[in-house]
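Asker: Residue numbering for the sequence shown follows this note's numbering, starting at 1 and increasing by one per position.
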Amino acid sequence: MSQRELVVLGSASQTPTRHRNHNGYLLRFDAEGVLFDPGEGTQRQMILAGRSATEITRICVTHFHGDHSLGLAGTIQRLSLDNVPHPVRCYYPASGQVYFDRLRHATSFHERATLVTVPLQVDGPVDALLSVAALDHRIDCYGYRLAEPDGRRMLPDRLAHFGIRGPQVSQLQRDGVIEIDGRRVTVDEVSVFRPGQVFAFVMDTRMCPGALTLAQGADLLVAESTFLDADRELAHMYRHLTSREAGRLAAEAGARELVLTHFSQRYPYDEAERFREEAALEFKGEIHVAADLTTIPFPRRR
(Lines of atoms letter the chains of each structure in order from A; the text may use other names.)
(Lines give C-alpha, C1' and ligand atoms only; values in the text may rest on other atoms or scores of the structure.)
Protein backbone atom coordinates (compact mmCIF):
# COMPACT_ATOMS: atom_id res chain seq x y z
CA MET A 1 0.00 0.00 0.00
CA SER A 2 1.29 3.45 -0.87
CA GLN A 3 2.30 5.79 1.93
CA ARG A 4 2.04 9.54 1.62
CA GLU A 5 2.94 11.73 4.57
CA LEU A 6 5.15 14.60 5.66
CA VAL A 7 7.52 14.11 8.59
CA VAL A 8 8.53 17.42 10.19
CA LEU A 9 12.13 17.10 11.32
CA GLY A 10 12.62 20.78 12.14
CA SER A 11 10.55 23.96 11.95
CA ALA A 12 12.77 26.83 13.10
CA SER A 13 14.18 29.66 11.02
CA GLN A 14 17.74 30.99 11.27
CA THR A 15 18.59 29.46 14.66
CA PRO A 16 17.33 26.35 16.45
CA THR A 17 15.53 26.78 19.77
CA ARG A 18 14.73 24.52 22.71
CA HIS A 19 11.61 23.30 20.94
CA ARG A 20 12.42 23.69 17.26
CA ASN A 21 15.33 22.27 15.29
CA HIS A 22 16.65 23.83 12.10
CA ASN A 23 14.53 23.09 9.02
CA GLY A 24 14.10 19.56 7.77
CA TYR A 25 11.15 17.79 6.11
CA LEU A 26 10.91 14.22 4.86
CA LEU A 27 8.13 13.61 2.35
CA ARG A 28 7.08 9.99 1.95
CA PHE A 29 5.39 9.73 -1.46
CA ASP A 30 4.97 6.07 -2.38
CA ALA A 31 8.44 4.78 -3.27
CA GLU A 32 9.98 8.27 -3.00
CA GLY A 33 11.53 9.67 0.16
CA VAL A 34 12.23 13.35 -0.48
CA LEU A 35 14.31 15.25 2.08
CA PHE A 36 13.76 19.00 1.89
CA ASP A 37 16.15 21.62 3.28
CA PRO A 38 18.22 19.58 5.75
CA GLY A 39 19.39 22.11 8.34
CA GLU A 40 21.79 21.46 11.21
CA GLY A 41 20.82 18.42 13.26
CA THR A 42 18.75 16.72 10.55
CA GLN A 43 20.58 13.41 10.93
CA ARG A 44 19.70 13.21 14.64
CA GLN A 45 16.12 14.36 14.05
CA MET A 46 15.64 11.51 11.59
CA ILE A 47 16.77 9.05 14.26
CA LEU A 48 14.36 10.57 16.79
CA ALA A 49 11.56 10.37 14.21
CA GLY A 50 12.33 6.70 13.58
CA ARG A 51 13.35 7.31 9.97
CA SER A 52 16.29 5.79 8.12
CA ALA A 53 18.67 7.28 5.60
CA THR A 54 17.77 4.39 3.32
CA GLU A 55 14.34 6.02 2.85
CA ILE A 56 15.89 9.02 1.10
CA THR A 57 15.70 8.96 -2.70
CA ARG A 58 15.98 12.72 -3.32
CA ILE A 59 17.36 15.75 -1.50
CA CYS A 60 15.89 19.14 -2.42
CA VAL A 61 17.62 22.30 -1.21
CA THR A 62 15.81 25.58 -1.78
CA HIS A 63 18.84 27.81 -1.12
CA PHE A 64 22.13 27.93 0.71
CA HIS A 65 21.35 29.77 3.91
CA GLY A 66 22.58 27.67 6.82
CA ASP A 67 19.21 26.83 8.34
CA HIS A 68 18.30 25.11 5.06
CA SER A 69 21.54 23.35 4.22
CA LEU A 70 23.99 22.89 7.14
CA GLY A 71 22.70 19.35 7.64
CA LEU A 72 23.77 18.31 4.15
CA ALA A 73 27.23 17.28 5.35
CA GLY A 74 25.96 14.84 7.95
CA THR A 75 23.12 13.57 5.77
CA ILE A 76 25.39 12.85 2.80
CA GLN A 77 27.90 11.05 5.00
CA ARG A 78 25.11 9.02 6.59
CA LEU A 79 24.00 7.80 3.16
CA SER A 80 27.44 6.23 2.74
CA LEU A 81 27.71 4.99 6.32
CA ASP A 82 24.39 3.16 5.93
CA ASN A 83 25.32 1.86 2.45
CA VAL A 84 22.18 3.25 0.84
CA PRO A 85 21.90 1.01 -2.24
CA HIS A 86 20.04 3.32 -4.64
CA PRO A 87 21.18 6.57 -6.26
CA VAL A 88 20.09 9.73 -4.46
CA ARG A 89 19.36 12.76 -6.63
CA CYS A 90 20.34 16.13 -5.15
CA TYR A 91 18.65 19.33 -6.39
CA TYR A 92 19.87 22.84 -5.52
CA PRO A 93 20.39 26.27 -7.14
CA ALA A 94 23.27 26.10 -9.60
CA SER A 95 24.66 29.38 -8.27
CA GLY A 96 25.29 27.62 -4.95
CA GLN A 97 27.47 24.87 -6.41
CA VAL A 98 30.48 25.94 -4.35
CA TYR A 99 28.45 25.61 -1.13
CA PHE A 100 27.12 22.20 -2.10
CA ASP A 101 30.65 20.99 -2.85
CA ARG A 102 31.98 22.34 0.45
CA LEU A 103 29.23 20.67 2.44
CA ARG A 104 29.54 17.41 0.54
CA HIS A 105 33.27 17.24 1.27
CA ALA A 106 33.24 19.04 4.62
CA THR A 107 35.26 16.29 6.36
CA SER A 108 37.09 13.11 5.49
CA PHE A 109 34.90 10.08 4.87
CA HIS A 110 34.58 7.19 2.46
CA GLU A 111 31.87 8.16 -0.01
CA ARG A 112 30.10 4.96 -1.03
CA ALA A 113 26.64 6.29 -1.79
CA THR A 114 25.81 7.34 -5.35
CA LEU A 115 24.80 11.00 -5.53
CA VAL A 116 23.34 12.40 -8.74
CA THR A 117 23.64 16.19 -8.66
CA VAL A 118 21.01 18.30 -10.42
CA PRO A 119 21.92 22.03 -10.31
CA LEU A 120 18.88 24.19 -11.05
CA GLN A 121 18.96 27.19 -13.38
CA VAL A 122 15.51 27.50 -14.97
CA ASP A 123 11.88 27.10 -13.95
CA GLY A 124 9.84 24.14 -15.12
CA PRO A 125 9.76 20.33 -15.01
CA VAL A 126 12.85 18.48 -13.87
CA ASP A 127 11.38 15.04 -14.50
CA ALA A 128 7.98 13.35 -14.67
CA LEU A 129 7.32 13.96 -10.96
CA LEU A 130 9.20 17.12 -9.97
CA SER A 131 9.10 20.72 -11.16
CA VAL A 132 10.69 23.88 -9.75
CA ALA A 133 10.19 27.63 -9.80
CA ALA A 134 12.38 30.52 -8.68
CA LEU A 135 11.29 32.36 -5.53
CA ASP A 136 11.99 35.93 -4.37
CA HIS A 137 14.60 35.76 -1.62
CA ARG A 138 17.92 37.49 -0.90
CA ILE A 139 19.88 34.80 -2.73
CA ASP A 140 18.89 32.35 -5.46
CA CYS A 141 16.09 30.18 -4.14
CA TYR A 142 13.91 27.52 -5.77
CA GLY A 143 10.65 26.03 -4.58
CA TYR A 144 9.52 22.50 -5.44
CA ARG A 145 6.33 20.83 -6.65
CA LEU A 146 5.74 17.08 -6.82
CA ALA A 147 2.77 16.20 -8.98
CA GLU A 148 1.45 12.70 -9.50
CA PRO A 149 0.24 12.22 -13.10
CA ASP A 150 -3.52 12.29 -13.53
CA GLY A 151 -5.11 8.88 -14.00
CA ARG A 152 -8.40 7.03 -13.91
CA ARG A 153 -10.13 5.04 -11.17
CA MET A 154 -11.60 1.78 -12.40
CA LEU A 155 -15.20 1.09 -11.34
CA PRO A 156 -15.74 -2.54 -10.27
CA ASP A 157 -19.44 -2.52 -11.04
CA ARG A 158 -18.87 -1.25 -14.58
CA LEU A 159 -16.08 -3.77 -15.17
CA ALA A 160 -18.42 -6.55 -13.99
CA HIS A 161 -21.20 -5.23 -16.23
CA PHE A 162 -19.02 -5.74 -19.30
CA GLY A 163 -17.44 -8.98 -18.02
CA ILE A 164 -13.94 -7.53 -17.81
CA ARG A 165 -11.75 -9.27 -15.26
CA GLY A 166 -8.20 -10.28 -14.39
CA PRO A 167 -5.51 -9.45 -16.97
CA GLN A 168 -8.14 -7.82 -19.16
CA VAL A 169 -8.30 -4.88 -16.72
CA SER A 170 -4.58 -4.19 -17.14
CA GLN A 171 -4.90 -4.51 -20.90
CA LEU A 172 -7.73 -1.99 -20.93
CA GLN A 173 -5.76 0.45 -18.77
CA ARG A 174 -2.77 0.08 -21.06
CA ASP A 175 -4.51 0.22 -24.45
CA GLY A 176 -7.54 2.34 -23.60
CA VAL A 177 -9.87 -0.06 -25.40
CA ILE A 178 -10.65 -3.78 -25.36
CA GLU A 179 -12.97 -6.10 -27.28
CA ILE A 180 -15.22 -8.32 -25.15
CA ASP A 181 -17.56 -10.81 -26.85
CA GLY A 182 -17.46 -8.78 -30.05
CA ARG A 183 -18.15 -5.51 -28.27
CA ARG A 184 -15.63 -2.66 -28.12
CA VAL A 185 -15.32 -1.22 -24.58
CA THR A 186 -13.33 1.94 -23.87
CA VAL A 187 -11.65 2.82 -20.59
CA ASP A 188 -13.94 5.85 -20.25
CA GLU A 189 -16.94 3.51 -19.97
CA VAL A 190 -15.60 1.71 -16.91
CA SER A 191 -13.67 4.41 -15.04
CA VAL A 192 -13.72 7.99 -13.80
CA PHE A 193 -11.05 10.70 -13.95
CA ARG A 194 -8.66 10.68 -10.98
CA PRO A 195 -6.59 13.85 -10.52
CA GLY A 196 -3.03 13.24 -9.39
CA GLN A 197 -2.07 14.43 -5.93
CA VAL A 198 0.21 17.46 -5.60
CA PHE A 199 2.71 18.52 -2.93
CA ALA A 200 4.25 22.01 -2.94
CA PHE A 201 7.18 23.34 -0.92
CA VAL A 202 7.55 27.14 -0.76
CA MET A 203 10.31 28.39 1.50
CA ASP A 204 12.02 31.74 2.14
CA THR A 205 10.33 34.12 -0.25
CA ARG A 206 8.11 37.13 -0.57
CA MET A 207 4.84 36.76 -2.45
CA CYS A 208 5.83 36.18 -6.07
CA PRO A 209 4.59 34.43 -9.25
CA GLY A 210 6.83 31.41 -8.63
CA ALA A 211 5.22 30.73 -5.27
CA LEU A 212 1.74 30.82 -6.81
CA THR A 213 2.80 28.53 -9.67
CA LEU A 214 4.14 25.94 -7.25
CA ALA A 215 1.16 26.07 -4.91
CA GLN A 216 -1.54 25.92 -7.61
CA GLY A 217 -4.10 23.28 -6.67
CA ALA A 218 -1.77 21.61 -4.16
CA ASP A 219 -3.28 18.95 -1.93
CA LEU A 220 -0.63 19.73 0.68
CA LEU A 221 1.25 23.05 0.65
CA VAL A 222 4.21 23.69 2.95
CA ALA A 223 4.79 27.43 3.22
CA GLU A 224 7.15 29.40 5.38
CA SER A 225 5.49 31.82 7.79
CA THR A 226 8.49 33.32 9.51
CA PHE A 227 6.71 36.35 10.93
CA LEU A 228 3.34 37.33 12.33
CA ASP A 229 1.44 40.12 10.59
CA ALA A 230 2.51 42.75 13.14
CA ASP A 231 6.08 42.25 11.86
CA ARG A 232 5.21 42.34 8.16
CA GLU A 233 7.68 45.17 7.49
CA LEU A 234 10.49 42.94 8.76
CA ALA A 235 9.16 40.09 6.65
CA HIS A 236 9.21 42.21 3.51
CA MET A 237 12.66 43.60 4.31
CA TYR A 238 14.15 40.13 4.64
CA ARG A 239 11.98 38.67 1.87
CA HIS A 240 9.87 36.32 3.92
CA LEU A 241 6.17 35.57 4.26
CA THR A 242 3.99 36.35 7.23
CA SER A 243 1.51 33.74 8.40
CA ARG A 244 -1.33 35.76 6.92
CA GLU A 245 0.46 35.95 3.56
CA ALA A 246 1.02 32.18 3.66
CA GLY A 247 -2.74 31.81 4.15
CA ARG A 248 -3.38 34.17 1.24
CA LEU A 249 -1.01 32.17 -0.96
CA ALA A 250 -2.89 28.95 -0.14
CA ALA A 251 -6.24 30.61 -0.80
CA GLU A 252 -5.25 32.19 -4.11
CA ALA A 253 -3.66 28.93 -5.30
CA GLY A 254 -6.67 26.82 -4.38
CA ALA A 255 -4.63 24.56 -2.08
CA ARG A 256 -6.47 22.05 0.08
CA GLU A 257 -4.30 21.92 3.21
CA LEU A 258 -1.59 24.29 4.44
CA VAL A 259 1.44 23.56 6.64
CA LEU A 260 2.92 26.64 8.34
CA THR A 261 6.57 26.42 9.36
CA HIS A 262 9.97 28.21 9.52
CA PHE A 263 9.04 30.21 12.62
CA SER A 264 11.24 33.03 13.91
CA GLN A 265 12.77 32.46 17.33
CA ARG A 266 11.32 35.81 18.45
CA TYR A 267 7.94 34.13 19.06
CA PRO A 268 7.39 31.92 22.14
CA TYR A 269 6.68 28.28 21.34
CA ASP A 270 3.45 28.31 23.32
CA GLU A 271 2.07 31.08 21.10
CA ALA A 272 2.28 29.04 17.90
CA GLU A 273 -1.51 29.04 17.51
CA ARG A 274 -1.30 32.72 16.62
CA PHE A 275 0.17 31.68 13.26
CA ARG A 276 -2.82 29.46 12.55
CA GLU A 277 -5.26 32.20 13.56
CA GLU A 278 -3.69 34.74 11.21
CA ALA A 279 -3.45 32.33 8.28
CA ALA A 280 -7.12 31.40 8.83
CA LEU A 281 -8.11 35.01 8.13
CA GLU A 282 -7.23 34.29 4.49
CA PHE A 283 -7.44 30.50 4.07
CA LYS A 284 -10.47 28.42 5.02
CA GLY A 285 -8.96 24.97 4.45
CA GLU A 286 -7.21 22.85 7.06
CA ILE A 287 -4.11 24.48 8.56
CA HIS A 288 -1.30 22.59 10.29
CA VAL A 289 1.19 24.41 12.53
CA ALA A 290 4.40 22.43 12.12
CA ALA A 291 5.91 20.91 15.25
CA ASP A 292 9.14 18.93 15.28
CA LEU A 293 8.91 15.14 15.02
CA THR A 294 5.25 15.12 14.04
CA THR A 295 3.77 13.48 10.96
CA ILE A 296 1.18 15.11 8.73
CA PRO A 297 -0.73 12.66 6.50
CA PHE A 298 -1.67 13.52 2.95
CA PRO A 299 -5.34 14.42 2.58
CA ARG A 300 -7.63 11.88 0.98
CA ARG A 301 -7.96 12.06 -2.78
CA ARG A 302 -10.37 14.59 -4.19
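From the three backbone atoms N, C-alpha and C, an ideal C-beta is built for every residue, glycine too.
Values in this document were obtained by computation on a predicted structure and should not be read as measured data.
Do Phe64 and Ile139 have their CB atoms nearer than 8 Å?
Answerer: Start at 1 with the first residue of the sequence shown, and residue 64 comes out as number 64. Start at 1 with the first residue of the sequence shown, and residue 139 comes out as number 139. Result yes, Cβ atoms of Phe64 and Ile139 sit closer than 8 Å.
Asker: Going by DSSP, which residues form a beta bridge with Leu115?
Answerer: Numbered from its first residue, the sequence shown carries residue 115 at position 115. Val88.
Asker: Determine contact between the stretch 147-155 and the stretch 196-211, defined as no fewer than three beta-carbon pairs at a distance below 8 Å.
Answerer: The stretch 147-155, when compared against the stretch 196-211, does touch it at the 8 Å Cβ threshold.
Asker: Between Thr75, Arg28 and Arg18, which lies nearest to Pro38 when the distance is taken from Cα to Cα?
Answerer: By one-based count along the sequence shown, residue 38 stands at place 38. Checked all of Thr75, Arg28 and Arg18; the closest Cα to Pro38 is Thr75.
Asker: Looking only at C-alpha atoms, which of Ser52, Thr242 and Ala291 sits nearest to Asn23?
Answerer: Your numbering for residue 23 matches position 23 in the sequence shown. Measuring from the Cα of Asn23, the nearest candidate turns out to be Ala291.
Asker: Helix, strand or coil: how does DSSP classify Tyr267 here?
Answerer: Against the sequence shown, residue 267 aligns to sequence position 267. Correct three-state label for Tyr267: coil.
Asker: Output needed for Val192: all residues of its chain with C-beta closer than 7 Å, excluding positions within five of it in sequence on either side, in chain order.
Answerer: Within the sequence shown, the letter at position 192 stands for residue 192. Arg152, Arg153 and Leu155.
Asker: Give the single residue among Leu130, Val7, Met203 and Gly163 whose Cα lies nearest to the Cα of Leu48.
Answerer: The residue labelled residue 48 in the question sits at position 48 within the sequence shown. Nearest option by C-alpha distance: Val7.
Asker: I think Ala215 touches Ala255, with their Cβ atoms under 8 Å apart; what is that distance to the nearest whole Å?
Answerer: Here residue 215 corresponds to residue number 215 of the sequence shown, with the count starting at 1. Here residue 255 corresponds to residue number 255 of the sequence shown, with the count starting at 1. Indeed they touch by this definition, with Cβ atoms about 6 Å apart.
Asker: Under the assumption that Leu258 contacts Cys208 (Cβ atoms under 8 Å), give the Cβ distance between them as a whole number of angstroms.
Answerer: Taking the first residue of the sequence shown as position 1, residue 258 is located at position 258. Taking the first residue of the sequence shown as position 1, residue 208 is located at position 208. At roughly 17 Å, the Cβ-Cβ gap does not stay under 8 Å, so Leu258 and Cys208 are not in contact.
Asker: Quick one: give me the first and last residue of the beta strand (DSSP E) that Phe275 is part of.
Answerer: The count along the sequence shown starts at 1 and reaches residue 275 at position 275. Run containing Phe275: none in the beta strand (DSSP E); it sits in the alpha helix (DSSP H), Glu273 to Ala279.
Asker: Determine the DSSP secondary structure at Ser225, reduced to helix, strand or coil.
Answerer: Your numbering for residue 225 matches position 225 in the sequence shown. Of the three classes helix, strand and coil, the one that applies to Ser225 here is coil, per DSSP.
Asker: Touch check for the stretch 164-180 and the stretch 100-118: three-plus C-beta pairs under 8 Å?
Answerer: These segments do not touch.
Asker: If you drop the 5 nearest sequence neighbours on each side, which residues of the same chain put their C-beta closer than 8 Å to that of Val88?
Answerer: Reading the sequence shown from its first residue, position 88 is the one you call residue 88. Contacts found: Ile56, Thr57, Arg58, Ile59, Leu79, Ala113, Thr114, Leu115 and Val116.
Asker: Measuring CA to CA, which of Pro16, Glu5 and Gln3 is closest to Ser264?
Answerer: Taking the sequence shown and counting its residues from 1, one reaches residue 264 at position 264. It is Pro16 whose Cα lies nearest to the Cα of Ser264.
Asker: Given a threshold of 16 other Cβ atoms within 10 Å of its Cβ, counted over all protein chains shown, does His110 qualify as buried or as exposed?
Answerer: Indexing the sequence shown from 1 puts residue 110 at position 110. The residue in question, His110, is exposed, as its Cβ has fewer than 16 Cβ neighbours within 10 Å.
Asker: Relative to the alpha-carbon of Thr42, which residue among Arg165, Ala31 and Ala12 has its alpha-carbon at the smallest distance?
Answerer: Here the question's residue 42 lines up with position 42 in the sequence shown. Cα-wise, what sits closest to Thr42 is Ala12.
Asker: According to DSSP, which residues form a beta bridge with Thr295?
Answerer: Position 295 of the sequence shown holds residue 295. Note: Thr295 sits in a beta bridge opposite Val7.
Asker: Going by Cα to Cα distance, which pick from Gly247, Arg4 and Ala200 is closest to Leu130?
Answerer: Position 130 of the sequence shown, counted from the first residue, corresponds to residue 130. Of the listed residues, the one whose Cα sits closest to Leu130 is Ala200.
Asker: Leaving aside the five residues before and after Gln14 along the sequence, list all residues of the same chain whose C-beta is less than 6 Å from its C-beta, in chain order.
Answerer: The count along the sequence shown starts at 1 and reaches residue 14 at position 14. Around Gln14: Asp67.
Asker: So, for Ala133: in the same chain, excluding its five sequence neighbours on each side, which residues have a beta-carbon less than 6 Å away from its beta-carbon?
Answerer: Locating residue 133 in the sequence shown gives position 133, where the first residue counts as 1. So the qualifying residues of the chain are Asp123, Gly143, Gly210, Thr213 and Leu214.
Asker: Start and end of the beta strand (DSSP E) containing Leu27?
Answerer: Position 27 of the sequence shown, counting from 1, holds the residue named residue 27. Leu27 -> beta strand (DSSP E) spans Gly24 to Phe29.
Asker: Would you mind stating whether Arg244 and Glu282 have Cβ atoms separated by less than 8 Å?
Answerer: Working through the sequence shown from its first residue, we reach residue 244 at position 244. Working through the sequence shown from its first residue, we reach residue 282 at position 282. Yes.
Asker: Which value, in whole angstroms, describes the spacing of the CA atoms of Arg20 and Ala253?
Answerer: Taking the sequence shown and counting its residues from 1, one reaches residue 20 at position 20. Taking the sequence shown and counting its residues from 1, one reaches residue 253 at position 253. Whole-angstrom Cα-Cα distance: 28 Å.
Asker: Does Ala301 pass the burial test, meaning 16 or more other C-beta atoms within 10 Å, or should it be called exposed?
Answerer: What you label residue 301 is simply residue 301 of the sequence shown in a count that begins at 1. Reading the sequence as shown, one finds Arg at residue 301 and not Ala. That one is exposed.
Asker: Considering His68, what are the terminal residues of the alpha helix (DSSP H) in which it resides?
Answerer: Walking along the sequence shown from the start, residue 68 turns up at place 68. That run of the alpha helix (DSSP H) goes Gly66 to Ser69.
Asker: If you run the structure through DSSP and keep just helix, strand and coil, what is Arg78?
Answerer: Looking up residue 78 in the sequence shown gives position 78. Correct three-state label for Arg78: helix.
Asker: Provide the residue span of the beta strand (DSSP E) that contains Thr186, from first to last.
Answerer: Here residue 186 is taken as the residue at index 186 of the sequence shown, counted from 1. Note, Thr186: beta strand (DSSP E), Arg183 to Thr186.
Asker: Could you check what DSSP says for Glu252 in three-state terms: helix, strand or coil?
Answerer: On the sequence shown, position 252 is the one that residue 252 refers to. The answer is helix: DSSP assigns Glu252 an H, G or I state.
Asker: For the candidate residues Arg4, Arg266 and Phe36, whose alpha-carbon lies nearest to that of Thr226?
Answerer: Translated into positions along the sequence shown, residue 226 becomes position 226. Of the candidates Arg4, Arg266 and Phe36, the one whose C-alpha sits nearest the C-alpha of Thr226 is Arg266.
Asker: May I have the straight-line CA-CA distance separating Val187 from Pro125, to the nearest angstrom?
Answerer: Position 187 of the sequence shown, counting from 1, holds the residue named residue 187. Position 125 of the sequence shown, counting from 1, holds the residue named residue 125. Answer to the nearest angstrom: the Cα atoms are 28 Å apart.
Asker: The alpha helix (DSSP H) that contains Val122, what's its start and end?
Answerer: Working through the sequence shown from its first residue, we reach residue 122 at position 122. Val122 -> no alpha helix (DSSP H), and no H or E assigned at all.
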